[in-house]
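What follows is a set of notes on a single structure, which appears directly below.
Protein chains: 2
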Amino acid sequence: MTSPTHEKMTQRRVAELAGVSQATVSLVLNGKADAASRIPEETRNRVLEIIEKTTYVADPAARRLAGMGNKILGVFTYEPAFPNETADFYTPLLTGIEARSEELGCDLLLFTSAPVENGRRQIFHGNNRLGLADGCLLLGLEMDAAELSRLVDNNFPFVAVGRRDVPGVPYVGADYVSGTAELTRAALAAGHERFFYLHVDSAAESVADRQLGFHTELQKAGIESVQLRACTGDDYLADWKAITTADPTVLFIEAPRHALEIYELARQAGVRVPSDLSIVVLGEPSRPSAQAIDFTRLSPPRTELGAEAVTLLRRILSSDDAPSESESRILLDCVVESGTTLAPPRNEGKHL
Amino acid sequence: MTSPTHEKMTQRRVAELAGVSQATVSLVLNGKADAASRIPEETRNRVLEIIEKTTYVADPAARRLAGMGNKILGVFTYEPAFPNETADFYTPLLTGIEARSEELGCDLLLFTSAPVENGRRQIFHGNNRLGLADGCLLLGLEMDAAELSRLVDNNFPFVAVGRRDVPGVPYVGADYVSGTAELTRAALAAGHERFFYLHVDSAAESVADRQLGFHTELQKAGIESVQLRACTGDDYLADWKAITTADPTVLFIEAPRHALEIYELARQAGVRVPSDLSIVVLGEPSRPSAQAIDFTRLSPPRTELGAEAVTLLRRILSSDDAPSESESRILLDCVVESGTTLAPPRNEGKHL
DNA sequence: CTGGGCTGGTAATACGCATTAGCATAGTGC
DNA sequence: GCACTATGCTAATGCGTATTACCAGCCCAG
Numbered sequence: 016m017t018s019p020t021h022e023k024m025t026q027r028r029v030a031e032l033a034g035v036s037q038a039t040v041s042l043v044l045n046g047k048a049d050a051a052s053r054i055p056e057e058t059r060n061r062v063l064e065i066i067e068k069t070t071y072v073a074d075p076a077a078r079r080l081a082g083m084g085n086k087i088l089g090v091f092t093y094e095p096a097f098p099n100e101t102a103d104f105y106t107p108l109l110t111g112i113e114a115r116s117e118e119l120g121c122d123l124l125l126f127t128s129a130p131v132e133n134g135r136r137q138i139f140h141g142n143n144r145l146g147l148a149d150g151c152l153l154l155g156l157e158m159d160a161a162e163l164s165r166l167v168d169n170n171f172p173f174v175a176v177g178r179r180d181v182p183g184v185p186y187v188g189a190d191y192v193s194g195t196a197e198l199t200r201a202a203l204a205a206g207h208e209r210f211f212y213l214h215v216d217s218a219a220e221s222v223a224d225r226q227l228g229f230h231t232e233l234q235k236a237g238i239e240s241v242q243l244r245a246c247t248g249d250d251y252l253a254d255w256k257a258i259t260t261a262d263p264t265v266l267f268i269e270a271p272r273h274a275l276e277i278y279e280l281a282r283q284a285g286v287r288v289p290s291d292l293s294i295v296v297l298g299e300p301s302r303p304s305a306q307a308i309d310f311t312r313l314s315p316p317r318t319e320l321g322a323e324a325v326t327l328l329r330r331i332l333s334s335d336d337a338p339s340e341s342e343s344r345i346l347l348d349c350v351v352e353s354g355t356t357l358a359p360p361r362n363e364g365k366h367l
Numbered sequence: 016m017t018s019p020t021h022e023k024m025t026q027r028r029v030a031e032l033a034g035v036s037q038a039t040v041s042l043v044l045n046g047k048a049d050a051a052s053r054i055p056e057e058t059r060n061r062v063l064e065i066i067e068k069t070t071y072v073a074d075p076a077a078r079r080l081a082g083m084g085n086k087i088l089g090v091f092t093y094e095p096a097f098p099n100e101t102a103d104f105y106t107p108l109l110t111g112i113e114a115r116s117e118e119l120g121c122d123l124l125l126f127t128s129a130p131v132e133n134g135r136r137q138i139f140h141g142n143n144r145l146g147l148a149d150g151c152l153l154l155g156l157e158m159d160a161a162e163l164s165r166l167v168d169n170n171f172p173f174v175a176v177g178r179r180d181v182p183g184v185p186y187v188g189a190d191y192v193s194g195t196a197e198l199t200r201a202a203l204a205a206g207h208e209r210f211f212y213l214h215v216d217s218a219a220e221s222v223a224d225r226q227l228g229f230h231t232e233l234q235k236a237g238i239e240s241v242q243l244r245a246c247t248g249d250d251y252l253a254d255w256k257a258i259t260t261a262d263p264t265v266l267f268i269e270a271p272r273h274a275l276e277i278y279e280l281a282r283q284a285g286v287r288v289p290s291d292l293s294i295v296v297l298g299e300p301s302r303p304s305a306q307a308i309d310f311t312r313l314s315p316p317r318t319e320l321g322a323e324a325v326t327l328l329r330r331i332l333s334s335d336d337a338p339s340e341s342e343s344r345i346l347l348d349c350v351v352e353s354g355t356t357l358a359p360p361r362n363e364g365k366h367l
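Have a look at this one:
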């Protein structure tokens, strides 16, 4: 059934068995129509038969060295992908990436070996295996701008998941600006005027985008004073205290996890949501958790994001279908889930 | 900052810049101590400086072609890994695999391209990229025995996750026999005599092992008649009907999902667990779900399973630390969670 | 019988790296 | 002054594949 020989099967050995040269075997396998047409059916069949019998498979490393693509897509995650803390973030992306890759017949090379330096993984390190992949997907909340530039300079094909400010970086991201703007307008339409914005302490583009959408709409509405606060996740009680002091009618929270904590503190303080205080969340946990609250929120299309990133990378790799500059920068709409935590404000003075 | 040249950096170019030969560069990078000691500090530093400056990284494909291992571990899943149905099964495994791979400095190659034929993915197909990996991990409830044999015959280094009956297959599995036996003894000790066993309709080794542990203990206890039933997941009502007809005092269920459904049907039928009917589950969902019930159950150490599989594969790959035949077949203990769904049976006749 | 085109291939080379054998030079022992 | 060794490198080769250039044989036209 299987060849008992332990010698590695190569084109040369196939060639010997078929009584042809190695070049012929290669031509049978990947010859362009014009060159391959030179090989008559009879010879071709003989070679293919041997290949079948010996279960020969081309060595991907050799193919690559010879300048061929080999349908391997690299996946680099700035944080370990599976551990529970980050799994929520990565899993839906990977779901989309895997599904689309499977359709395209690509394998995925996860760069788990990237060493952690000053808290983050580094793409470039001695003996990185980047070159084995035809191209690469980059995942992570924040990415190192210097590394991105270097990839661009090196002309290495890659796609970032999430919008990036670095010039020349192809990406597929979620349109947080529009999504947040829409939710902000909804809050304004409901009559809110006293806003509080609890944001993630990060310089990531996705974070900035949300704030941009938020501020733009508030400015249009002529609302000046908004209390902003960075939530570190260290001390929710301090956050809650700051909120009560500011006494807003509506609370915008970027991170779903922060929202849950604050909601709980509000409940404990006897503050009812949304009648006493509306809460709008600018994201969504990937898995509905046990004590799921139907927040009024933004739902980024994570699985789709992953899938579209693969598609874009594929286009970048295919020489005949190269995307234009603008086609390389894709934003997908966020879904706005109306939920149950946004309502008109009460009309009395002090709320909380 | 980055080299503006778009020419690919190679050892030859580094060598030119350093005024040495390509061989010297290679020696500086990977020369064994004895050969490398021939290169004086001064030269070595000059070369390393150029390498630093040019951000040269060795082409992994060329390394591999030149006979070097490249620290890539293949991961083959018999079902797509991330989609929600199977994610519960694979995610904890992948968590362990990723963590251990990261420690070892290995990258992971996910064979997502494996085409689905008659319902299952196939390892061997034209242009499979198996050869790129130093070795391979196999995941899945059931695996194709013919493919396993072929891997063994080809002397391809691999490790299966889960015990396998196929001779010569290295694996790291969970000891379902002992775990199930322990739970069965617990049920016997509680005074149960009327057992009902709802099993998964599968020929997988892990399924057979549970039944072996179960039957062995019952035989020891002299209990003859046990009602077995394959649960397809199609028609839980039919399953429940069969259970009530048999009127057992304790119910063993292999699959956590089936357990949830049956528990719900029992509740609807007014049957109280465990006072009217004890339920023992021979597995565990990887994520605590919303309506979590604290079943008396078996908890396979999935994350550890993944990690240990990587370790075993690593040992198989390292020529100096080759595991013996017996060391290549590892069983990890299942944790027995005592839970709240096993209690002594009521003493009257008809229960359900 | 000579030149030109077609058919069916093959030889040669490049890809980038690791490795071995070996070469030149300088130093050391006797 | 000569053999001998240690030092510091380089030339050459192989890994398996893709591709190009080229070659032998044949047939046909002129």
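As you go down the protein sequences, you meet chains A and B in turn. Every letter in the first sequence is one number past the one before it in the numbering used here, and letter 274, counting from 1, is 289. Every letter in the second sequence is one number past the one before it in the numbering used here, and letter 141, counting from 1, is 156. Glycine residues also receive a C-beta, built at the ideal position from the N, C-alpha and C atoms. Keep in mind the model is a prediction, meaning the values are calculated, not measured.
If I measure Cβ to Cβ from Tyr71(A) and keep anything under 7 Å in the same chain, skipping five residues before and after, which residues do I get?
Met24 and Val29
Mind reading off the beta-carbon distance from Tyr222(B) to Leu327(B)? Whole number of angstroms is fine, and I expect it under 8 Å.
Looking at the sequence itself, residue 222(B) is Val, so the reference to Tyr does not match. In fact, because the Cβ distance is near 23 Å, the residues do not count as touching under 8 Å.
In the DSSP output, what is Tyr186(A) paired with across the bridge?
Beta bridge pairing from DSSP links Tyr186(A) with Ala175(A) and Arg344(A).
Okay, do the stretch 199 to 215 of chain A and the stretch 253 to 272 of chain A touch, 3+ Cβ pairs below 8 Å being the bar?
Yes, the stretch 199 to 215 of chain A is in contact with the stretch 253 to 272 of chain A.
Measure the CB-CB distance between Cys246(B) and His207(B) and report whether it falls below 8 Å.
no
Could you please give the first and the last residue of the uninterrupted beta strand (DSSP E) stretch that includes Arg312(B)?
Taken as a continuous stretch (DSSP letters only), the beta strand (DSSP E) holding Arg312(B) covers Thr311 to Ser314.
CA-CA distance, Ala114(A) and Pro359(A)?
42 Å
Just tell me which of Val62(A), Glu197(A), Thr101(A) and Trp255(A) has its CA closest to the CA of Phe229(A).
Glu197(A)
If we define contact as Cβ-Cβ less than 8 Å, is Asn60(A) a contact residue for chain B?
no
Looking at the unbroken beta strand (DSSP E) that takes in Gln242(B), where does it start and where does it end?
Gln242 to Cys246
Given a cut-off of 8 Å on the beta-carbon distance, is the pair Leu125(B) and Val176(B) in contact?
no
I'd like to know whether the C-beta of Gly194(A) is nearer than 8 Å to at least one C-beta of chain B.
No, Gly194(A) lies away from the interface with chain B (no Cβ there is under 8 Å from its Cβ).
Can you name the residues of chain A whose CB is closer than 8 Å to the CB of Thr69(B)?
Per Cβ cutoff of 8 Å: no residues; Thr69(B) is ~11 Å from chain A at best.
If you measure between the beta carbons of Thr39(B) and Ile54(B), is that distance less than 8 Å?
yes
Since Val215(B) sits in a beta bridge, which residues does DSSP pair it with?
Per DSSP, Cys246(B).
At a CB distance below 9 Å, what residues from the stretch 110 to 128 of chain B approach chain A? Give them in sequence order.
Thr110, Gly111, Ile112, Glu113, Ala114, Ser116, Glu117, Leu119, Gly120, Cys121, Asp122, Leu123, Leu124, Leu125, Phe126, Thr127 and Ser128
For Arg59(B), collect the residues of the same chain with a Cβ closer than 7 Å to its Cβ; drop the 5 residues on either side in sequence, then sort them by chain order.
Val43
Can you give the Cα-Cα distance for Pro107(B) and Arg136(B), rounded to whole angstroms?
21 Å
Taking 8 Å as the CB-CB cut-off, is Val72(A) touching chain B?
yes
Local conformation of Val222(B) per DSSP, three classes:
helix
Are the C-beta atoms of Thr17(B) and some chain A residue less than 8 Å apart?
Note that Thr17(B) scores a pLDDT of 37, beneath 50, so its modelled location is shaky and nothing firm can be said.
Would you say Phe139(A) lies against chain B (beta-carbon separation less than 8 Å)?
yes
Is Leu233(B) closer than 8 Å to Thr199(B) when the C-beta atoms are compared?
yes
What residue from Leu156(B), Glu94(B), Leu320(B) and Gly237(B) has the CA that sits closest to Gly134(B)'s CA?
Nearest Cα to Gly134(B) within the set Leu156(B), Glu94(B), Leu320(B) and Gly237(B): Glu94(B).
Between the Cα of Ala231(B) and those of Asp250(B), Ser193(B) and Ala205(B), spot the shortest distance and give me the residue it belongs to.
Sequence inspection shows Thr at residue 231(B); the Ala mentioned does not correspond to that position. Checking every option, the nearest Cα to that of Thr231(B) belongs to Ser193(B).
Exposure label - Thr355(A); buried when at least 16 CB within 10 Å:
exposed
Inspect the beta-carbon positions of Pro316(A) and Val350(A) and report whether they are closer than 8 Å.
yes
Cβ distance (whole Å) where Thr92(A) is taken to contact Phe97(B) below 8 Å:
That belief does not hold up - the Cβ atoms of Thr92(A) and Phe97(B) are roughly 14 Å apart, past 8 Å.
So, at 6 Å on beta carbons, what are the nonlocal neighbours of Thr101(A) in its own chain, with the 5 sequence-adjacent residues on each side left out?
Glu94
Looking at the C-beta of Phe97(A), does it have a partner C-beta in chain B at a distance below 8 Å?
It does: the Cβ of Phe97(A) has a partner Cβ on chain B nearer than 8 Å.
Please confirm if Pro75(B) has its CB atom under 8 Å from at least one CB of chain A.
yes
Three-state class that DSSP yields for Thr69(B) in the structure shown
Judged by DSSP in its simplified three-state form, Thr69(B) adopts helix.
Are the CB atoms of Asn85(A) and Asp159(A) within a distance shorter than 8 Å?
The Cβ atoms of Asp159(A) and Asn85(A) do not sit closer than 8 Å to each other.
For Leu80(A), decide whether its Cβ has a neighbour in chain B, counting only Cβ atoms nearer than 8 Å.
yes
Taking the DSSP output, what are the residues bridged to Cys151(A)?
Gly89(A) and Phe173(A)
What residues are listed by DSSP as bridge partners for Glu132(A)?
Arg135(A)
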